[in-house]
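Following UniProt numbering, the numbering of the sequence shown begins with 1 at its first residue and continues without gaps. Built from N, CA and C at the ideal position, the CB exists for glycine as well. Notes for the one structure printed next.
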Amino acid sequence: MAWDRARKRLGMKDVRIHDLRHTYASLLINRGASIYEVQKLLGHYHISMTERYAHLLPDTLHQRVEIVADLLAGRNAQVARPH
């Protein structure tokens, strides 16, 4: 009931606690946390459950492709961390 009161007070009547968990996992993954770290933080026994929560932003995927491109071009590639 406390969650329902808080949602209504904030004008977020459609937001579920599950939505917050999902966002938490996606933000962590997109900030560079490993899927294994997120698995532990969420308390998932199987990594497949964590994979459902963790969505990569297109920019994050592009940054990872650039790492390989830099390595193939002989440049010193580093993992770019989104801000």
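Residue i to residue j span [Cα, whole Å]
i   : j   : result
K40 : L72 : 34 Å
V65 : H46 : 27 Å
R21 : L42 : 8 Å
G63 : G32 : The displayed chain sequence assigns Gln, not Gly, to residue 63. If I take the Cα positions, the gap works out to 11 Å.
I17 : M49 : 16 Å
D4  : D19 : 14 Å
Buried or exposed (CB count within 10 angstroms, at least 16 for buried), residue i
i   : result
V38 : buried
Local conformation of residue i per DSSP, three classes
i   : result
D70 : helix
H2  : A small fix is needed here, since residue 2 is Ala in this sequence, not His. Note: A2 maps to helix in three-state DSSP.
S48 : helix
M13 : Checking the sequence, you will find Lys at residue 13 rather than Met. Coil, per DSSP.
L42 : helix
R64 : helix
Any non-hydrogen atom of the ligand MG closer than 7 Å to residue i Cβ
i   : result
L72 : Annotation note on the ligand MG: not contained in the displayed structure, which lists no ligands.
Neighbourhood of residue i by C-beta distance below 8 Å, restricted to the same chain and skipping five residues each side
i   : result
E51 : I35
Alpha helix (DSSP H) segment containing residue i, residue limits
i   : result
A25 : 17-30
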